[in-house]
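Please read the structure below before turning to the comments.
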Amino acid sequence: MGNHISRRRKTKNSSRDDSSTLDDPATKSLPDGTMSTYSQPKFSTRPTMTAFPHNEAEGARHQNSHYLLKHIFQSSYFAPVQQRLQEPGATALDIGCGTNAPWVVELAMEFPNAEFHGIDIVDPFDDEASSVCIPKNIQFVRTSFLEGLHYEDEYFDFVHQRLMYGVYHGDDINWILREIKRLTKPDGWVELVEADMVPKRAGPLFTKLLETVHRAMRKRQKHFFHGPRVRRFLSENGFLDVKTDYGSIPVCWGGYVGKLMYENMLVILRHFGPIIYHDLDLTGDFREAHYDAFVDKAFDECVEYQTFFNVHWACGRKPAVS
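Residue 29 in the UniProt record's numbering sits at position 29 of the sequence shown, and the numbers go up by one each step.
Here you go:
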């Protein structure tokens, strides 16, 4: 598979009409019937940052994801919480903070008067050298949030969660949102950020690859916690003033952002290789070289077709106590 981003090239057919031989992405659906929406891309028009901090390998994908989202939205949060987080005693929670916890670390540095909590099933920082850089106003808890969020009722002013599409089983979704609502203060804000799992303007090989991954995930998850549903999740659970938008990330094209997206997806697809190999109609037992060649061809299509993913965010306010 390897790092072949230099091979990603724009072909003579890259200017093809999107509606030619491709299915309309707006009508695509996931294996659970969830519709994928927004076939019109929304790319950031601001210049790309020229430098990216390269951390330890185990945290690189989380850092890349944080950079990608901050670039396409030009912000790390969307809820109107800036004034509240500047107040002493304000509290915020990051669910699934991930290795190196880039989101919560950034916000803790931006709002030193607030108290931040990050939870995950892994230790965000697994050595003392890394922990030296952790702001003093963060507390990390290693826990399985699927067993419940062990905080008292109405504790947080702001709850943030993103990129959990591969974590929740279908039956967990409404339960976890009720838990989030329980620990949010009246008039506090909840924010969800998730990718639309269906690629837009995808070629046949990339489409086949992603659909095969989705089928493998479907064996574990009844429904997907993905981008086009986040606004509905908040509205159906009683949040008010729900706001939403989306942005687009190119795959293998569009400069450095497309390169980072390629590298992130490569990590995910490597994980799924032995699981989906036979479903891709590749012959014999799993052979990494054969799988790598298939994936490389699928990524080459992304340049030709100018494939992209949409990422959706939604935020909502918990009703005040009457």
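We treat Cβ as the ideally placed atom computed from N, Cα and C, and that holds for glycine. Note that the structure is a prediction, hence the values are computed from the model and not measured.
C-beta atoms of residue i and residue j nearer than 8 angstroms
{"i": "Gly96", "j": "Met164", "result": "yes"}
{"i": "His66", "j": "Pro102", "result": "yes"}
{"i": "Asp94", "j": "His160", "result": "yes"}
{"i": "Leu69", "j": "Val193", "result": "yes"}
{"i": "Ala92", "j": "Pro135", "result": "no"}
{"i": "Val190", "j": "Lys318", "result": "yes"}
{"i": "Arg162", "j": "Phe308", "result": "no"}
{"i": "Lys243", "j": "Phe78", "result": "yes"}
{"i": "Phe272", "j": "Ala195", "result": "no"}
{"i": "Lys208", "j": "Leu280", "result": "yes"}
{"i": "residue 332", "j": "Ile249", "result": "In this structure the chain extends from 1 to 322, so residue 332 is not present and cannot be described."}
{"i": "Ile275", "j": "His223", "result": "no"}
{"i": "Ser76", "j": "Glu115", "result": "no"}
Three-state secondary structure assigned by DSSP to residue i
{"i": "Ser144", "result": "coil"}
{"i": "Val257", "result": "helix"}
{"i": "Val303", "result": "helix"}
{"i": "His214", "result": "helix"}
{"i": "Asn310", "result": "strand"}
{"i": "Thr184", "result": "strand"}
{"i": "Tyr165", "result": "coil"}
{"i": "Phe206", "result": "helix"}
{"i": "Ala289", "result": "helix"}
{"i": "Leu149", "result": "coil"}
{"i": "Leu282", "result": "coil"}
{"i": "His223", "result": "coil"}
{"i": "Phe239", "result": "coil"}
{"i": "Glu263", "result": "helix"}
{"i": "Val159", "result": "strand"}
{"i": "Val295", "result": "helix"}
{"i": "Val230", "result": "helix"}
{"i": "Glu191", "result": "strand"}
{"i": "Pro250", "result": "strand"}
{"i": "residue 388", "result": "The displayed coordinates of the chain run from 1 to 322. Any statement about residue 388 would go beyond what the structure contains."}
{"i": "Asp196", "result": "coil"}
{"i": "Cys315", "result": "strand"}
Selected residue, minimal CA-CA separation from residue i, among the options
{"i": "Glu236", "options": "Leu177, Phe156, His160 and Gln86", "result": "Leu177"}
{"i": "Lys122", "options": "Tyr168, Ser144 and Gln63", "result": "The sequence shown places Val at residue 122, rather than the Lys named in the question. That would be Ser144, whose Cα lies nearest to the Cα of Val122."}
{"i": "Asp88", "options": "Asn137, His62 and Arg231", "result": "Note on residue identity: the sequence assigns Pro, not Asp, to residue 88. The residue with the shortest Cα to Cα distance from Pro88 is Asn137."}
{"i": "Thr99", "options": "Ala314, His214, Arg142 and Gly316", "result": "Arg142"}
{"i": "Lys259", "options": "Gln306, Ala314 and Asn113", "result": "Gln306"}
{"i": "residue 324", "options": "Val251, Phe294, Pro274 and Met261", "result": "With the chain covering 1 to 322 only, the question about residue 324 has no answer from this structure."}
{"i": "Lys185", "options": "Ile249, Phe73, Val295 and Ala90", "result": "Ala90"}
{"i": "Phe156", "options": "Trp313, Thr207 and Gly188", "result": "Gly188"}
{"i": "Phe140", "options": "Val295, Asn264 and Asp120", "result": "Asp120"}
{"i": "Cys252", "options": "Pro274, Thr283, Leu282 and Pro199", "result": "Pro199"}
{"i": "Leu183", "options": "Trp175, Asp153, Leu210 and Glu211", "result": "Asp153"}
{"i": "Gln86", "options": "Phe111, Glu106 and Phe158", "result": "Phe111"}
{"i": "residue 335", "options": "Pro80, Ser75, His117 and Ala60", "result": "The question about residue 335 has no answer, for the chain in this structure spans 1 to 322."}
{"i": "His290", "options": "Gly166, Glu115, Arg270 and Glu263", "result": "Arg270"}
{"i": "Gly227", "options": "Glu304, Gly247, Glu179 and Ala60", "result": "Gly247"}
{"i": "Phe206", "options": "Leu240, Gly148, Phe294 and Gly284", "result": "Phe294"}
{"i": "residue 323", "options": "Glu115, Leu282, Gly203 and Ile180", "result": "As displayed, the chain neither begins before 1 nor continues past 322, which places residue 323 out of reach and without an answer."}
{"i": "Arg229", "options": "Arg287, Glu179 and Trp313", "result": "Trp313"}
{"i": "Gln82", "options": "Phe73, Leu210 and Asn113", "result": "Asn113"}
{"i": "residue 327", "options": "Phe225, Gly118, Leu240 and Gly254", "result": "With the chain represented from 1 up to 322, any question about residue 327 goes unanswered, as that position is not in the structure."}
Ordered list of alpha helix (DSSP H) runs contained in the stretch 58–134, each at least 4 residues = Secondary structure in the stretch 58–134: the alpha helix (DSSP H) runs of 4 residues or longer, each lying completely within the stretch, are 82–85, 102–110 and 128–131 in chain order.
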